[in-house]
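A.B. asks: Right, I'll just put the structure down here and ask away after.
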Ligand code: PGA
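Numbering (my numbering), first residue to last: 1 to 244.
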């Protein structure tokens, strides 16, 4: 079954006081009966806070990255097993900011997804093209290369993943892909996944998703939900997206 998810990616934002307000609102206003799952991926220092605030609610939480390694001399890294100790269910891997700012290759992203799965976390693996790549007509080739690397690394375990299509030019820019543009790429990803026996993987769209554009995106046949950055920091906006 295709997992329907709305995932908040707080990125490097938050503080104990503002988190407490936001988490309390999500916990009290998101009801388990809702058709979608709601997830927040918080900065690692706030995992204990998220766990305490959300444990009795229908909202789930996760991390924004995990190490490909289980333990050892990897200063600053977080192991999948550590995230699990704090009740995480999801781990974003291969976000374009990690790929760009931290030099994460397709190979590293595959290894991270595998590390997450190995500890029972669902990886939310991100793919997406830059503006330059889109303008050169390379969108399909880029996302296919990124997805194929993941499929190669995970094999049959690909079915345990969620994939997020996030065009880099739409992230934090206020410039959302149109529903048709997003659907066109999702269809490419879906057929590739189907070819690998993973056609029922949840496919999220990310990039300037807001309360005002979420419903049109969710109406597309291959869009199963959203990965939301900026708008996930505002309870009203995030809940509007989740209910769209
Ligand atoms: P945005 O970020 O919603 O702020 O564009 C999305 C993301 O990077 O996951």
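Even glycine gets a Cβ: it sits at the ideal position worked out from N, Cα and C. Since the model is a prediction, treat every value here as computed from it, not as a measurement.
#1: Would you report the Cα separation of residue 28 and residue 17, rounded to the nearest angstrom?
#2: As a quick exercise: from 208, 160, 144 and 198, pick the residue whose alpha carbon is nearest that of residue 168.
#3: Find the nearest neighbour of residue 238 within the set 11, 25 and 12, judged by alpha-carbon distance.
#4: What three-state label does DSSP hand residue 60 in the structure shown?
#5: Could you check whether the segment 145–154 touches the segment 180–195, counting it as contact only if at least three pairs of C-beta atoms, one from each stretch, sit closer than 8 Å?
#6: For residue 93, which of 132, 182 and 111 has the nearest alpha-carbon?
#7: Please list the terminal residues of the continuous beta strand (DSSP E) segment that includes residue 9.
#8: What does the alpha-carbon distance come out to for the pair residue 71 and residue 86?
#9: Using 6 Å as the cut-off, classify the Cβ of residue 208 as near or not near the heavy atoms of ligand 1, replying yes or no.
#10: For residue 13, which option in 58, 230 and 3 has the closest C-alpha, if you only look at C-alpha atoms?
#11: Going by other Cβ atoms of all chains shown within 10 Å of its Cβ, with 16 needed for buried, is residue 170 buried or exposed?
C.D. replies: Taking the structure as given:
#1: Approximately 17 Å between the Cα atoms of the pair.
#2: Closest by alpha carbon: 208.
#3: Out of 11, 25 and 12, 25 has the C-alpha closest to the C-alpha of residue 238.
#4: DSSP places residue 60 in strand when its eight states are reduced to three.
#5: Cβ pair count under 8 Å is three or more, so yes.
#6: The candidate whose alpha carbon is nearest that of residue 93 is 111.
#7: Taken as a continuous stretch (DSSP letters only), the beta strand (DSSP E) holding residue 9 covers 5–9.
#8: Computed Cα separation, rounded: 16 Å.
#9: Yes, the Cβ of residue 208 comes within 6 Å of a heavy atom of ligand 1.
#10: When each option's Cα is compared against that of residue 13, the closest is 230.
#11: Note on residue 170: 16 or more other CB atoms within 10 angstroms of its CB, so buried under the neighbour-count rule.
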